[in-house]
Each structure stands twice: as C-alpha cells, then as structure tokens.
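*Asks:* Encoded as structure tokens, here's the structure I'll be asking about.
Residue numbers (the numbering used here): 8 to 500.
What follows is the structure, given as structure tokens:
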C-alpha cells in the first residue's frame, strides 16, 4: 500500500438517472481504500449538467449506496429520507457551490490561464465539420484567444453570451504516474482548450471537481478510464491554481461478453436492476470487486471485511473486465448458503407467506427452509420450492416412473404398497431422518431393490417435483400422518 496515513477518498455521482453498476464498483473501490487506511469516504453530488438532471436521482443513488453498506463518513447523506449534508467542508452539492467556482475561474482568468470565448454554437459546429473534412482532430481554433482586452471587455459590457476556456500551454509535456496505468505522458498540442465555465454560470466537471477535490482534501481520485484523456487538463488546472494534485487511479471499463462496452442491449446496467432481481448486496459487491481486481489467490468469496483487508488498487488490471452474470449468479448462490438458516428463513418467510398464509404461524418453517437453502439462487424461488409443504401436490404418474432409477410402471405398485406398509409401522416417536433412512434402506435390501427404486417414488409422491430436497428430510418435516396420506393418494390414482 502506498499510503502511510489515513486517506480521504470520494465518490461523486451525477444525478442524471439510476446509479450505474460501474459507478457502484467505483464507489466500492473508493470505500475500500478509505477504510483500509482508517480514512474517510466522502460522497458529493456533481449536478452541474442541468440539462440531464433528474429529480429524485440523488435520493435513489444514496439509497443504493445505503443498500450496499457504502454509507459515507462525510458529504451528502439521507437524513430521515431527505437529502442532507454531513461534515465541515460543504456544501457537498455542486450547484450550491457556484460562488466558489467563480472565484477560482476569475483567478485563472486574471492569471491568463483561461480566456473568454464568445463563439456561437453554429460557428463551433461548422469549425468541427471543417476539421473532420480535413481529417483533423476536433479542437477549438482559439479564435477568441487572440481578442484584445478592449475587445473582450466591449463584448462583456454588451452582454454577449460566452464561456470560459482553459488556455492549454501547447508546447508543454505533461507527465504523471497513474496508480493503475503507470507512467503517462501527454503533449500539450494534442489537448483541446476545455470549457471551464458555461454561459449559464455553471462550471463544467473539469473545473468543479478540481476545486472540490482540493478544498475537500481528497488524497486519491478513483474513476473510470473514460476520464483518462481528460487527466492532463485536470493536472494543468491543479498546476495553474498552485495546488498539489491528488493521486489518480483510472479503473477499467466493464464489458459485455463480446468485449463491447457494457450496455443495456446485453445486460442490466443500473444497480437498482440487480437489487430488484433479488441479488444480495454481499454477492453483488463481491462480484464487482473482482471485476478488474486480482486478489492474487484462488479465493473468490470475500466479505466486506475481507475486501477491506485484501484489496489493493495496484492489483487492479488495465484491460476491461467482462461482466459475466453467470459468475454473479454463482456468487449469489454462495452467499445465500453462507447466511444462517435463521436469517434465510426470515428473508424468505414474507415472500412465501404471500401465497401460503399458513407460513406466518408455522413453527416448523425454519426446518423446512433449511431443506431448500442450498438449492435456490433468489429468494422468490422459495415459493415454488416450498409449495408442497403447504399444499399436497397433484402427482402425475409419469413423474413416479424413472428409467434411470429403474422405477418402471410394472414395479411401481409394489413399491408404493411396500412404502405405505413400512412407514405405517414406524412409531411416531421414531419419525426422524436417521430412523427413516435406516428403515427404508432395510426395505430396499429386503426386497432386493436399488435404493433409488424406493427413494425416487417416495420423494416424487411427497413433493410432486422432479428436483427437490431428499426423501428422508421431506418426510421427516411433513410428519408421519401427512407422509402416509400422500403416498396413499398417489397409490390410489
């Protein structure tokens, strides 16, 4: 680890819609770096793009972070359901910091590090079109950079609409070491004069985040690789304002299986989509942590505490990470198996009780739930898996026959009769898994039947399902009376 002190990190989402899973991964990485250094994780809202602003998006983002147990130590929080702030470096919403940005924009203007641009959108569109025809990289031609102070002042006094642009030193070479990408070099002549302040008085991301990261004492900026090309502009802004830049770590893109950028066409991209589908936060965060980060071992299951202990930004890869939902489903199953039976039962009880109201007063519900915990991936699947406990199934004759288990139509009546007689002979006090196993294995031995010839029809008769918990477990939970009643029902069809 590079840090020798507590580290301050930040996650600055834009309220333009639901939180992207890539954003949730960035938040997770930022949270882990802060926590393993015993530092602070800050959340601020970058809402300077007013055209794309979505009312309610900030609350949704904060609810998603809370669901993921990524609550900030400082910054924007939800207080009794309302957006609020926590800390002494606020405001933490950029639209509430416009005077702060103007102060530093004026400073850049005064130093000659920025200039006013009065070009219309029509002129800029034509300029880019001409550059494309000449096969040149689109870049502002600096027409307004050559205006005299008198010309600029005259236009300002006349109220002409304008923006503020960063004046890139074209002859300068900018070098930097990214914590993931390593040594980077950018040439000034390839960098566009970025707009810093828009005509409506709002800053662009470029100026706002530099000012905020400095004033909020951010030590490392973890963000997506799509911002890598903008890094030299940000480094120049730190330089021109006389500030030391934070460390930067540009994490790899998330990719579809065909290695295209993660998109709605092939995958759900909003974190809320995965919440709605029933993924556990532990599973989704475990999955996202491994999208780019290599723990250096074969271990794949990590709790939050284990991630905090083991995560290293230096072990995050440069290349894109494949978003494999099959792996996510596998992790979901692993995490469902890791929770206690008691918690599992509590989680599925409301779901199952919607269809089977008797669940609410079922003292054996936990025992029944334990039989399906290692069989499902999502909690709603419990409704179908547990239905046979509360409603005797209508068993089709062809389900009882099983070629693989050598249960034929010819042998089936004899097997069902023997099962009924044998189970009726068991004392109520001896009705448990172990005794059932012993008695039924003896039955198969005495009749010279294979175990499957006894257990398959028993399980099918009790559950009505081709895949279900084992016959001994189900019979034990159902009890003697219900078990025999179901066998008799099937036997008489």
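Beta carbons: idealized from backbone N, C-alpha and C, even for Gly. Note that the structure is a prediction, hence the values are computed from the model and not measured.
Would the region 420 to 438 count as touching the region 390 to 397 if we require 3 or more Cβ pairs under 8 Å?
*Replies:* No, the region 420 to 438 is not in contact with the region 390 to 397.
*Asks:* Per DSSP, which one or two residues make a beta bridge with residue 5?
*Replies:* There is no way to answer for residue 5, as the model of the chain reaches only from 8 to 500.
*Asks:* State the DSSP-derived secondary structure class of residue 18, mapped to helix, strand or coil.
*Replies:* In the chain shown, the residue the question calls residue 18 occupies position 11. In the three-state DSSP reduction, residue 18 falls in the strand class (E or B).
*Asks:* Pull up the distance between the alpha-carbon of residue 255 and that of residue 229, whole angstroms please.
*Replies:* If you number the chain shown from 1, residue 255 lands on position 248. If you number the chain shown from 1, residue 229 lands on position 222. So the alpha carbons of these two residues sit roughly 6 Å apart.
*Asks:* Since residue 86 is in the alpha helix (DSSP H), which residue starts that stretch and which ends it?
*Replies:* Position 79 of the chain shown, counted from the first residue, corresponds to residue 86. Taken as a continuous stretch (DSSP letters only), residue 86 belongs to no alpha helix (DSSP H), being part of the beta strand (DSSP E) at 81 to 86.
*Asks:* Are residue 203 and residue 177 closer than 8 Å when you measure CB to CB?
*Replies:* As a first step, residue 203 is located in the chain shown; it is residue number 196 there, counting from the start. As a first step, residue 177 is located in the chain shown; it is residue number 170 there, counting from the start. The criterion of a C-beta distance shorter than 8 Å is not satisfied by residue 203 and residue 177.
*Asks:* Per the DSSP calculation, residue 409 is bridged to which residue(s)?
*Replies:* Position 402 of the chain shown, counted from the first residue, corresponds to residue 409. Beta-bridge pairing links residue 409 to 414.
*Asks:* Does residue 293 pass the burial test, meaning 16 or more other C-beta atoms within 10 Å, or should it be called exposed?
*Replies:* Mapped onto the chain shown, residue 293 falls at position 286. The residue in question, residue 293, is buried, as its Cβ has 16 or more Cβ neighbours within 10 Å.
*Asks:* Taking Cβ to Cβ, would you say residue 91 is nearer than 8 Å to residue 54?
*Replies:* To locate residue 91, count along the chain shown from 1; it is residue 84. To locate residue 54, count along the chain shown from 1; it is residue 47. Annotated as distal: residue 91 and residue 54, with beta-carbon spacing of 8 Å or more.
*Asks:* Name the two residues that bound the continuous alpha helix (DSSP H) containing residue 28.
*Replies:* The sequence position of residue 28 within the chain shown is 21, counting from 1. Its alpha helix (DSSP H) spans residues 28 to 43.
*Asks:* Should residue 52 and residue 26 be called a contact, given that it needs their Cβ atoms to be closer than 8 Å?
*Replies:* Locating residue 52 in the chain shown gives position 45, counting from the first residue. Locating residue 26 in the chain shown gives position 19, counting from the first residue. Contact flag unset, no.
*Asks:* Quick check on the DSSP output: what are the complete beta strand (DSSP E) runs of length 3 or more inside the region 218 to 248, in order along the chain?
*Replies:* 227 to 231
*Asks:* Should residue 194 be labelled buried (16 or more other beta-carbon atoms within 10 Å of its own) or exposed?
*Replies:* In the chain shown, residue 194 corresponds to position 187, counting from 1. Result: exposed.
*Asks:* For residue 137, count neighbouring C-beta atoms within 10 Å of its own C-beta (all shown protein chains included) and say buried if the count is 16 or more, exposed if not.
*Replies:* Reading the chain shown from its first residue, position 130 is the one you call residue 137. Answer is exposed; the Cβ neighbour count stays below 16.
*Asks:* Using only the alpha-carbon positions, how far apart do residue 457 and residue 403 sit?
*Replies:* In the chain shown, the residue the question calls residue 457 occupies position 450. In the chain shown, the residue the question calls residue 403 occupies position 396. Rounded to the nearest angstrom, the two C-alpha atoms are 22 Å apart.
*Asks:* If contact is defined by three or more beta carbon pairs under 8 Å, each pair taking one atom from either stretch, is the region 261 to 269 in contact with the region 77 to 95?
*Replies:* Short answer: they don't touch.
*Asks:* Runs of 4 residues minimum, wholly inside the region 290 to 347: which ones carry the alpha helix (DSSP H) assignment?
*Replies:* Runs found: 311 to 317 and 332 to 345.
*Asks:* Going by CA-CA distance only, name the one from 29, 106, 415 and 412 that's closest to residue 277.
*Replies:* For the purposes of this step, residue 277 is taken as the residue at position 270 of the chain shown. Ranking 29, 106, 415 and 412 by Cα distance to residue 277 puts 29 first.
*Asks:* Return the residue from the list 217, 224 and 260 that minimises the CA-CA distance to residue 243.
*Replies:* Along the chain shown, read from residue 1 onward, the residue named residue 243 stands at position 236. The shortest Cα separation from residue 243 among 217, 224 and 260 belongs to 217.
*Asks:* Mind checking residue 160: buried by the 16 CB within 10 Å criterion, or exposed?
*Replies:* Reading the chain shown from its first residue, position 153 is the one you call residue 160. Under this definition residue 160 is an exposed residue.
*Asks:* Using CA atoms only, rank isn't needed, just tell me which of 119, 309, 490 and 480 is closest to residue 432.
*Replies:* Here residue 432 refers to the residue found at position 425 of the chain shown. Ranking 119, 309, 490 and 480 by Cα distance to residue 432 puts 490 first.
*Asks:* Can we say the region 92 to 101 touches the region 148 to 165, given the rule of at least three CB pairs closer than 8 Å?
*Replies:* no
*Asks:* For residue 252 and residue 324, I'd like the C-alpha separation in whole angstroms.
*Replies:* Taking the chain shown and counting its residues from 1, one reaches residue 252 at position 245. Taking the chain shown and counting its residues from 1, one reaches residue 324 at position 317. For residue 252 and residue 324, the distance between alpha carbons rounds to 23 Å.
*Asks:* Kindly indicate which residue of 413, 479, 82 and 407 has the alpha-carbon position closest to the one of residue 472.
*Replies:* Counting from 1 along the chain shown, the entry for residue 472 is found at position 465. Residue 472 has its Cα closest to that of 407, out of 413, 479, 82 and 407.
*Asks:* Please classify residue 44 as buried or exposed, where buried requires at least 16 neighbouring CB atoms within 10 angstroms.
*Replies:* Locating residue 44 in the chain shown gives position 37, where the first residue counts as 1. Under this definition residue 44 is a buried residue.
*Asks:* Can you say whether residue 33 is buried or exposed, counting buried as having 16 or more other CB atoms within 10 angstroms of its CB?
*Replies:* Residue mapping note: residue 33 aligns to position 26 of the chain shown, counting from 1. Under this definition residue 33 is a buried residue.
*Asks:* Going by C-alpha distance, which of 201, 454, 386 and 488 is nearest residue 434?
*Replies:* As a first step, residue 434 must be located in the chain shown, where it is residue number 427. Nearest C-alpha to residue 434: 488.
*Asks:* Could you please give the first and the last residue of the uninterrupted beta strand (DSSP E) stretch that includes residue 181?
*Replies:* Here the question's residue 181 lines up with position 174 in the chain shown. First-last of the beta strand (DSSP E) with residue 181: 180 to 185.
*Asks:* Going by beta-carbon coordinates alone, are residue 287 and residue 343 separated by less than 8 Å?
*Replies:* Within the chain shown, numbered from 1, the residue matching residue 287 stands at position 280. Within the chain shown, numbered from 1, the residue matching residue 343 stands at position 336. Going by C-beta atoms, residue 287 is nearer than 8 Å to residue 343.
*Asks:* On the premise that residue 93 lies in contact with residue 81, defined as a C-beta separation below 8 Å, what is that separation, rounded to the nearest angstrom?
*Replies:* Taking the first residue of the chain shown as 1, we reach residue 81 at position 74. Taking the first residue of the chain shown as 1, we reach residue 93 at position 86. Contact holds; Cβ gap of about 6 Å.
*Asks:* Would DSSP call residue 277 helix, strand or coil?
*Replies:* On the chain shown, position 270 is the one that residue 277 refers to. Looking at residue 277 - three-state DSSP - the assignment turns out to be strand.
*Asks:* Helix, strand or coil, according to DSSP, for residue 256 in the structure here?
*Replies:* The sequence position of residue 256 within the chain shown is 249, counting from 1. In this structure, residue 256 counts as strand in the three-state DSSP scheme.
*Asks:* What are the uninterrupted segments assigned as beta strand (DSSP E) that are 3 or more residues long and contained completely in the region 111 to 169, given in chain order?
*Replies:* DSSP runs (the beta strand (DSSP E)) wholly in the region 111 to 169: 121 to 124.
*Asks:* Per DSSP, residue 514 forms a beta bridge with which residues?
*Replies:* Here the chain comprises residues numbered 8 to 500, so residue 514 is not present and cannot be evaluated.
*Asks:* Please state whether DSSP places residue 484 in a helix, a strand or coil.
*Replies:* Here residue 484 refers to the residue found at position 477 of the chain shown. Residue state, collapsed to three classes: helix.
*Asks:* Starting from the Cα of residue 364, find the closest Cα among 390, 384 and 345 and give me that residue.
*Replies:* Here residue 364 refers to the residue found at position 357 of the chain shown. Closest by alpha carbon: 390.
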